[in-house]
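Novice:
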Amino acid sequence: MDLTLTEDQAMIQDMARKFAQSELAPVAEKLDQEGDRELFLKNLKQLAELGFMGLNIDAEYGGTEAGTVVFSLAITEIARACASTAATMSVNNMVAEVIQAVASEEQKNTYLPKLCSGEYPAGGFCLTETTAGSDPSNMKTTAVLDGDEWVINGAKQFITSAEFAGIFVVWAVTDSSLPKGKGISCFLVESSAPGLEISKAEKKLGQHASSTNEVLFTECRIPKNALMGKLNQGFKIAVGELAGGRIGIGSVALGIGLAAMDYARAYTTERQQFGQPISNFQGLQWMMADAYTDLEAARLLLMNAADKKAKGMPFSKEASMAKLFASEKANKACYTGLQLLGGYGFIKDYPLERYTRDVRITSLYEGTSEIQRVIISRELLREIG
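First residue of the sequence shown? That's 12 in our numbering, and the numbers climb one at a time after it.
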């Protein structure tokens, strides 16, 4: 197995790393503390201009065609500098990918160039509801055909980038008489649609610069041709795209974990106790060894899942394994890094407390760790069925 990156993959990874360290890292703390929306949107626009908002999108629609492996590599590098930016970038790519996968040619030509170019700062993925989190098939949002328009009523919860998204991919029940999960359809809803309302941003533990909002639909009217894919077949679309999204979130987690350990490792070579750098103490060395070993294993799991997806092979199990392992080990790595800093790790003047807050959500969104275990075990049992 050759794990060597191609010249193009290495070049794009390097481009992401340089942008992250020169443009994002210096302002990450400011974005976390002040939530400077103008600055955040400026960074997203720059990412779009560099091609990072459509990494797996065909060139004819304005994408980069770099592939899933590069998507993971780039997200990791961006997350090492600013987790909020990386999460927004990941979701935008996910929205673009689902449009490319199932939308009509007219829909693709209308929306994909805007997502890839940054004309739309971001796209919104509207699946989760208050009663439909780990069980999205239990959604209550409805869409009823009224002449030449669909009328949507309901609410979507925890929607990343909702307050500045240009287009939303929205799932709604279109036939309640069918078994749960069978009567769900997928729609494209522009942010200017009448009856669509964005609530104020949630106050979160971490990833402060990335907005998270409730999206409300009250007699929201959209054109009949806003249906994306086949009627009542939308749930399969959601399940398929969530698998790809897990590669993105796993990559976000990996980037945060690496940033935490890189900072802590450097700190241990400078911090003096008992007349020597604390990096000389075997206990701390072993903590670093374990953390970096875990993060390297996470990287390899992510690369495996990304490679399978890129080759058109089944990858749901591998994506869940990668997301589960990367998010859990990145959380552990951030706590290890904070421990290595001692009391300074708890102080906001040092970035470890931010990394620790930012990483926590990675084991929750795009499917909790518990749901990943359900998916993995289900796939394993199916293989012997």
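Quick reminder that beta carbons are idealized off the backbone N, C-alpha and C, glycines included.
Computed from a prediction, not measured in an experiment: that's the story for all the values here.
Along the chain, where does the alpha helix (DSSP H) containing N403 start, and where does it finish?
Specialist: Past the edges of the chain, shown from 12 to 396, lies residue 403, and the structure says nothing about it.
Novice: Pick helix, strand or coil for C127, following the three-state DSSP scheme.
Specialist: By one-based count along the sequence shown, residue 127 stands at place 116. Reduced to three states, the DSSP call for C127 is helix.
Novice: First and last residue of the alpha helix (DSSP H) that includes W339?
Specialist: Sequence index remark: in the sequence shown, residue 339 carries index 328 (1-based). Looking at the sequence itself, residue 339 is Glu, so the reference to Trp does not match. Run containing E339: S327 to L352, per the alpha helix (DSSP H) assignment.
Novice: Just curious, the alpha helix (DSSP H) that I110 is in, first and last residue?
Specialist: For the purposes of this step, residue 110 is taken as the residue at position 99 of the sequence shown. Element bounds for I110: A94 to V113.
Novice: Are the region 28 to 48 and the region 85 to 92 touching, with three or more C-beta to C-beta distances below 8 angstroms?
Specialist: Yes, since at least three Cβ pairs between the region 28 to 48 and the region 85 to 92 fall closer than 8 angstroms, the two stretches touch.
Novice: Tell me whether E213 sits in a helix, a strand or coil according to DSSP, three-state version.
Specialist: Sequence index remark: in the sequence shown, residue 213 carries index 202 (1-based). E213: coil per DSSP, three-state reduction.
Novice: Taking only the alpha-carbon atoms, compute the straight-line gap between S148 and D69 and give it to the nearest angstrom.
Specialist: As a working mapping, residue 148 is identified with position 137 in the sequence shown. As a working mapping, residue 69 is identified with position 58 in the sequence shown. So the alpha carbons of these two residues sit roughly 30 angstroms apart.
Novice: In angstroms with no decimal places, state the Cα-to-Cα distance between I170 and D301.
Specialist: Start at 1 with the first residue of the sequence shown, and residue 170 comes out as number 159. Start at 1 with the first residue of the sequence shown, and residue 301 comes out as number 290. Cα to Cα, the separation comes out at about 35 angstroms.
Novice: Any idea what DSSP makes of F198, helix, strand or coil?
Specialist: In the sequence shown, counting from the first residue as 1, residue 198 sits at position 187. Strand at F198.
Novice: Report the residue from M150, M64 and F136 whose alpha carbon sits nearest the alpha carbon of A142.
Specialist: Position 131 of the sequence shown, counting from 1, holds the residue named residue 142. Residue identity differs from the one stated: residue 142 is Thr in this sequence, not Ala. Comparing Cα-Cα distances from T142 to each of M150, M64 and F136, the minimum goes to M150.
Novice: Spatial neighbours of K340 within its chain, please: CB distance less than 7 angstroms, with the 5 preceding and 5 following residues excluded, ordered by chain position.
Specialist: Here residue 340 refers to the residue found at position 329 when the sequence shown is read from its first residue. Only G268, D305, L306 and A309 meet the Cβ criterion.
Novice: If you draw a straight line from the C-alpha of S338 to the C-alpha of Q111, how long is it?
Specialist: As a position in the sequence shown, residue 338 is number 327, starting the count at 1. As a position in the sequence shown, residue 111 is number 100, starting the count at 1. The straight-line gap from Cα to Cα measures roughly 28 angstroms.
Novice: Give the DSSP bridge partners of Q287, in chain order.
Specialist: On the sequence shown, position 276 is the one that residue 287 refers to. Looking at the DSSP assignment, Q287 forms a beta bridge with Q284.
Novice: Output the distance between the C-alpha atoms of L363 and G177, rounded to the nearest integer angstrom.
Specialist: Here the question's residue 363 lines up with position 352 in the sequence shown. Here the question's residue 177 lines up with position 166 in the sequence shown. Spanning the two alpha carbons is a distance of roughly 33 angstroms.
Novice: What is the DSSP secondary structure of G356, counted as helix, strand or coil?
Specialist: In the sequence shown, counting from the first residue as 1, residue 356 sits at position 345. If DSSP states are grouped into helix, strand and coil, G356 belongs with the helices.
Novice: Are the region 355 to 362 and the region 313 to 323 touching by the rule of at least three beta carbon pairs closer than 8 angstroms?
Specialist: Judged by Cβ distances under 8 angstroms, the region 355 to 362 makes no contact with the region 313 to 323, as fewer than three pairs qualify.
Novice: State the Cα-Cα distance for the pair S374 and G158, rounded to the nearest angstrom.
Specialist: Here residue 374 refers to the residue found at position 363 when the sequence shown is read from its first residue. Here residue 158 refers to the residue found at position 147 when the sequence shown is read from its first residue. Each residue's alpha carbon lies about 43 angstroms from the other.
Novice: If we ignore side chains and look at the alpha-carbon of each, how far apart do L50 and G73 end up?
Specialist: In the sequence shown, counting from the first residue as 1, residue 50 sits at position 39. In the sequence shown, counting from the first residue as 1, residue 73 sits at position 62. Roughly 24 angstroms between the two C-alpha positions.
Novice: Using C-beta distances below 6 angstroms, list every residue in its chain close to V200, excluding the 5 sequence neighbours before and after it, in chain order.
Specialist: Here residue 200 refers to the residue found at position 189 of the sequence shown. If we look at V200 and ignore the five residues flanking it on each side, its Cβ neighbours are F179, V181 and I233.
Novice: So, for L189: in the same chain, excluding its five sequence neighbours on each side, which residues have a beta-carbon less than 7 angstroms away from its beta-carbon?
Specialist: Translated into positions along the sequence shown, residue 189 becomes position 178. N243.
Novice: Is there contact between the region 272 to 286 and the region 326 to 334, where contact requires at least three CB pairs shorter than 8 angstroms?
Specialist: With a cut-off of 8 angstroms, the region 326 to 334 and the region 272 to 286 do not count as touching, because too few Cβ pairs lie within range.
Novice: One question on the structure: do D47 and G217 come within less than 8 angstroms of each other, judged by their Cβ atoms?
Specialist: Numbered from 1 along the sequence shown, position 36 holds the residue referred to as residue 47. Numbered from 1 along the sequence shown, position 206 holds the residue referred to as residue 217. No. Outside cutoff.
Novice: Relative to the C-alpha of S380, which residue among L335, K343, A249 and E390 is closest?
Specialist: Taking the first residue of the sequence shown as position 1, residue 380 is located at position 369. Out of L335, K343, A249 and E390, L335 has the C-alpha closest to the C-alpha of S380.
Novice: Does the separation of the CB atoms of A183 and F198 fall below 8 angstroms?
Specialist: As a first step, residue 183 is located in the sequence shown; it is residue number 172 there, counting from the start. As a first step, residue 198 is located in the sequence shown; it is residue number 187 there, counting from the start. Yes, the Cβ-Cβ distance between A183 and F198 is below 8 angstroms.
Novice: Beta-carbon within less than 7 angstroms of Y303's beta-carbon, same chain only, minus the 5 sequence neighbours each way: which residues are those?
Specialist: Residue 303 sits at position 292 when you count from the first residue of the sequence shown. The residues are M272.
Novice: Does the beta-carbon of D19 have 16 or more other beta-carbons within 10 angstroms, so that it is buried, or is it exposed?
Specialist: Position 8 of the sequence shown holds residue 19. Per the 10 Å Cβ criterion, exposed.
Novice: With hydrogens ignored, establish whether the beta-carbon of L199 is closer than 7 angstroms to any heavy atom of the ligand MG.
Specialist: For the ligand MG, the structure offers nothing, since it holds no ligand at all.
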